[in-house]
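Protein sequence lines correspond, in order, to chains A and B. Each residue of the first sequence is one higher than the last, beginning at 1 in my numbering. Each residue of the second sequence is one higher than the last, beginning at 1001 in my numbering. Here's the structure we're looking at; comments come further down.
Number of protein chains: 2
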Amino acid sequence: MKAEIIAVGTEILLGEIVNTNATYLSQVLTELGFDLYHQQVVGDNEARLLSSIDEASSRADLVVLCGGLGPTEDDLTKQTVAKYVDSELMYDEVALKHVTDYFVYSDRPMTENNKQQALTIKGATTIQNPAGLACGLLIEKEKTHFLLLPGPPREMKKMVEVGVLSLLSQLLPNKTKLVSRYLRFMGIGESLLVTELSELIEAQTNPTIAPYAKSNEVMLRIAAKCEKESEGYALLDSIEEKIKVKVGEYFYGYGENLTIEETVISLLSEKNKTLAIIETTTGGLCQSRLSKVVDSAKVFAGGRVLYSDEAICSYLETEDKRVYTEETTRLLAQKIKEEMKTTYGLCVMVVDESHATSYFPKGTILLSLVVGDKTYFDKMIINRDFEYVKDGAVKHSLNYLRKLVIKK
Amino acid sequence: MKAEIIAVGTEILLGEIVNTNATYLSQVLTELGFDLYHQQVVGDNEARLLSSIDEASSRADLVVLCGGLGPTEDDLTKQTVAKYVDSELMYDEVALKHVTDYFVYSDRPMTENNKQQALTIKGATTIQNPAGLACGLLIEKEKTHFLLLPGPPREMKKMVEVGVLSLLSQLLPNKTKLVSRYLRFMGIGESLLVTELSELIEAQTNPTIAPYAKSNEVMLRIAAKCEKESEGYALLDSIEEKIKVKVGEYFYGYGENLTIEETVISLLSEKNKTLAIIETTTGGLCQSRLSKVVDSAKVFAGGRVLYSDEAICSYLETEDKRVYTEETTRLLAQKIKEEMKTTYGLCVMVVDESHATSYFPKGTILLSLVVGDKTYFDKMIINRDFEYVKDGAVKHSLNYLRKLVIKK
């Protein structure tokens, strides 16, 4: 079955935003088994949009239109598709309630144009928006299906995950199944991982192994084609075992979206231990990531950000301004653990340009971990831009903690 | 003059890479004064590429094809365009020397297929590649111009800068310029902003006004076509003034990439004031954003994250577990200001599911700001997913601070 994506929006045409929606949707559609041969971008203009829809319909069984569902005058996608399929617009009651409730709840006035976002097309399956106001829809005309999705990437992705995947699977005929699994590794670079696994990778047919370099970690996707899912999973188990023989020491968990912070929070919950963090140049990055994990408040108490050197000195009650030292990280970790009354105290520091010395050059990560009366220290250097180093500092510190918690 | 971009490459269609080339080229073409109404992506397939070229030629005066100039079998762009314009391929001597020299210099054997990269089309203007091997070209057929560029972004951009810009300017009649400006607003939704500005928006011809909904804020792009830049800026000044009469109270700054945290840091630096933050459910998000701003350590000292209720109670030395109250935010803001010895102390709290009451439902933002012996309090509700609410809490708190700092 052929699919074609039309991204609708003048801001993409003018190069003001990158068309990441098309990238995401291409991946999803390919993964589901659709064939993709063309993609289009068109501005917020009815005549041109109609011509793009017509063009796509002549080539594809599924036309995915992304964008132009909002409340403003230049949001034309629903009207235009309605015209193309010879139907008319009508309010979806659930979506309309969702929009009005939103404004009542927020105690903000609802302008009339907001109701537009609850419009659907007569004869369509409405798809509710789990992360925003504009509903999507799926409608068929002469064997071509039209799927309308909102433009903001966050809303679009959420809608695809929650409401669209199952609808699209129903459109596809029976087929070979594809099962896949993601393995995550930290402490090893992509090229070394690939070198370690070279024999397995060269010999691959089914299952396949694909490495993805992520920020400060590597992910492997293993995928197997099969008739029955159970056969596929058996193939995955077998290749996973072989992979772990080679690089198992760097493996930390499963999942395309798994994070080291989730891994740490669930490990601490399981062991009934608590954690406090103290950070300097990372400015709260570690704490904000931990706090994003669902139910993390049970084990993550919070902590401190000491961003200026004055704040560090004042906290340690010292006049010594050389704060980026092993000694400082040990003291900070101990003090935050005491102050927050937690099992673990973790201090993360990154040496930035202004604190660089010949001993600790820019990009050095210093970390200390306190548990009971023991204080552990580790350091490493990442030679990349500072945002990347900060990300690495957070991930490596949490991975260090993970390994220690497992050992205990 | 109309231009249309065709990105050629199966890897874009399948979502393996993001089509940033189209974004870059759109910006360049728009800035030069071309009108863009459509964009396409097509795979490495002759028949489909021919049909895309035909489609684009019917709509545009300039068709820019990006990708498919390399040495492998699936690089088909030059052959296909040659066929479309009824011409033939031939070697460009300069490009051929460039390719062979490259292999001599690197002391590597040159395979025969590498010579393909030096092919041009008879009748075309060849464009040398300053950052790679495959040459580009510009050719005209029946008043439509075809520009062929390499796919690797680094090579493509370099070629555009060095060889393409001047060629394209020559295609344009008298050069209309486009100047633009971005205005940022907080505290007003996109639909209300558009309603307030409806008269201006409906009457727009030149300059144009385009609203963009961003996370918890709205951006307006105003753009003017002009002969001289000074005339364009005068048009922008005049429309900006009219916009500000209507919604000026929500305006906080200029720039496509400006953030409220940058605005706050530069304002505090200017006034020589310092800031400490205390957060609960936002888990350090506010502090990590402030710390990303260059040189923020001069005014931003740091602060605390009290993520669990126990941590809040322990910090305030109270047994009362009802921590999500106005009183608590006031106390926290006062205490962090004292502790960190700063001019301002800001407390940001967001009521999550587990702390929701009938008085403060889920999504309520509570904020307190202390300066001198005065403590200010504000609250608002955002009815969206929690990540969005947290983003809003950070932005609105910083905007609240901004307004107070300006007043002082």
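We put the beta carbon where it would ideally sit given N, CA and C, even for glycine. What you are looking at is a predicted structure, and each value in this text was computed from that prediction instead of being measured.
Which partner residues does residue i have in the DSSP bridge list?
i	result
A:Phe360	Answer is none; A:Phe360 lacks a bridge partner.
B:Pro1211	B:Leu1220
A:Thr111	None, per the DSSP bridge assignment.
B:Gly1303	A:Val305, B:Ile1277
A:Arg184	A:Met219, A:Gly253
B:Lys1002	B:Asp1035
A:Gly345	A:Ala276, A:Val370
A:Ala438	Residue 438 of chain A is absent from the structure shown; chain A starts at 1 and stops at 408.
A:Ile365	A:Val350, A:Met380
A:Tyr91	A:Leu119
In this structure, how does DSSP classify residue i when only helix, strand and coil are distinguished?
i	result
A:Phe146	strand
B:Gln1040	strand
A:Val371	strand
A:Val323	coil
B:Cys1226	strand
A:Ile382	coil
A:Gly283	coil
B:Ile1017	coil
B:Lys1408	coil
A:Val350	strand
A:Leu316	helix
B:Leu1178	strand
A:Asp74	coil
Could you list which residues in chain B have their beta carbon closer than 8 Å to that of residue i, in chain order?
i	result
A:Leu113	It should be noted that the sequence gives Asn, not Leu, for residue 113 of chain A. The contacting residues are Ser1191, Val1194, Thr1195.
A:Pro71	Glu1190, Ser1191, Val1194
A:Ser52	His1038
A:Phe251	By Cβ distance, chain B contributes nothing, its closest Cβ being about 25 Å from A:Phe251, past 8 Å.
A:Lys292	Gly1283, Glu1387
A:Ala411	Since the displayed chain A opens at 1 and closes at 408, residue 411 of chain A lies outside it and no answer follows.
Looking at the secondary structure, which residues open and close the beta strand (DSSP E) in which residue i lies?
i	result
B:Gly1253	1251-1254
B:Tyr1024	Looking at the DSSP string, B:Tyr1024 is not in any beta strand (DSSP E); the run it does join, the alpha helix (DSSP H), is 1020-1032.
A:Cys66	62-66
A:Thr120	119-121
A:Glu140	136-141
Counting only Cβ pairs nearer than 9 Å, list the residues of chain B close to residue i.
i	result
A:Asp107	Met1380, Ile1381
A:Val160	Within 9 Å Cβ-Cβ: nothing; A:Val160 doesn't reach chain B, min ~13 Å.
A:Gly43	Leu1036, Tyr1037, His1038
Give the residues of chain B in contact with residue i, contact being defined as C-beta atoms less than 7 Å apart.
i	result
A:Phe146	None at all; the shortest Cβ gap to chain B is about 19 Å.
A:Thr30	Leu1014, Gly1015
A:Tyr182	Those do not exist, as A:Tyr182 stays about 16 Å from chain B at its closest Cβ, beyond 7 Å.
A:Thr20	Val1018
A:Tyr102	Asn1383
A:Ala297	Tyr1307, Ser1308
Mind pulling the chain A residues with CB within less than 8 Å of residue i?
i	result
B:Tyr1024	Gly15
B:Gln1334	In chain order: nothing, as chain A lies at least about 17 Å away.
Find the residues of chain A that neighbour residue i, judging by a C-beta separation of less than 7 Å, and give them in chain order.
i	result
B:Tyr1324	Under the 7 Å cutoff, chain A gives no residues; its nearest Cβ is about 13 Å from B:Tyr1324.
B:Leu1306	Gly302
B:Ala1311	Ala301, Gly302, Met340
B:Ala1203	Under the 7 Å cutoff, chain A gives no residues; its nearest Cβ is about 13 Å from B:Ala1203.
Output the boundary residues of the alpha helix (DSSP H) element that contains residue i.
i	result
B:Thr1125	No alpha helix (DSSP H) contains B:Thr1125, which is instead part of the beta strand (DSSP E) from 1125-1127.
B:Ala1297	Segment: none, B:Ala1297 is in no alpha helix (DSSP H) and carries neither H nor E.
A:Thr259	Run containing A:Thr259: none; DSSP gives neither H nor E here.
B:Gln1079	1077-1084
A:Ala56	46-59
B:Ala1203	1198-1203
A:Leu171	165-171
B:Pro1152	Per DSSP, B:Pro1152 belongs to no alpha helix (DSSP H) and is neither H nor E.
Using the beta-carbon of each residue, which ones in chain A are nearer than 9 Å to residue i?
i	result
B:Arg1048	Tyr37, His38, Arg59
B:Tyr1212	Glu11, Glu16, Ile17
Are at least three pairs of beta-carbons, each pair with one atom in the region 19-27 of chain A and one in the region 1215-1222 of chain B, less than 8 Å apart?
Two segments are said to touch when three or more pairs of C-beta atoms, one from each, lie closer than 8 Å; by this definition the region 19-27 of chain A does not touch the region 1215-1222 of chain B.
Can at least three beta-carbon pairs, one atom from the region 1270-1278 of chain B and one from the region 236-249 of chain A, be found at a separation below 8 Å? no
With a threshold of 8 Å, are at least 3 pairs of Cβ atoms found where one atom belongs to the region 1287-1300 of chain B and the other to the region 281-294 of chain A? yes
Count Cβ pairs between the region 1115-1132 of chain B and the region 1086-1106 of chain B that sit closer than 8 Å; are there 3 or more?
yes
On the three-pair Cβ rule with 8 Å, is the region 1313-1328 of chain B touching the region 313-327 of chain A?
no
Next on the checklist: Under 8 Å: do the region 388-398 of chain A and the region 364-380 of chain A share three or more Cβ pairs, one atom per stretch?
Outcome noted: Inter-segment contact for the region 388-398 of chain A and the region 364-380 of chain A is present: three or more beta-carbon pairs are separated by less than 8 Å.
Note to self: For the structure I just gave you, are there three or more beta carbon pairs, one from the region 398-408 of chain A and one from the region 1007-1015 of chain B, closer than 8 Å?
What the structure shows: Not touching, per the Cβ criterion.
Exercise. Please determine if the region 61-73 of chain A and the region 1182-1201 of chain B are in contact, where contact requires at least 3 C-beta pairs separated by less than 8 Å.
Key: yes
query: So, do the region 1252-1272 of chain B and the region 253-264 of chain A have three or more beta carbon pairs nearer to each other than 8 Å?
result: no
query = Would you call the region 348-358 of chain A and the region 176-195 of chain A in contact, with 3 or more CB pairs under 8 Å?
reply = no
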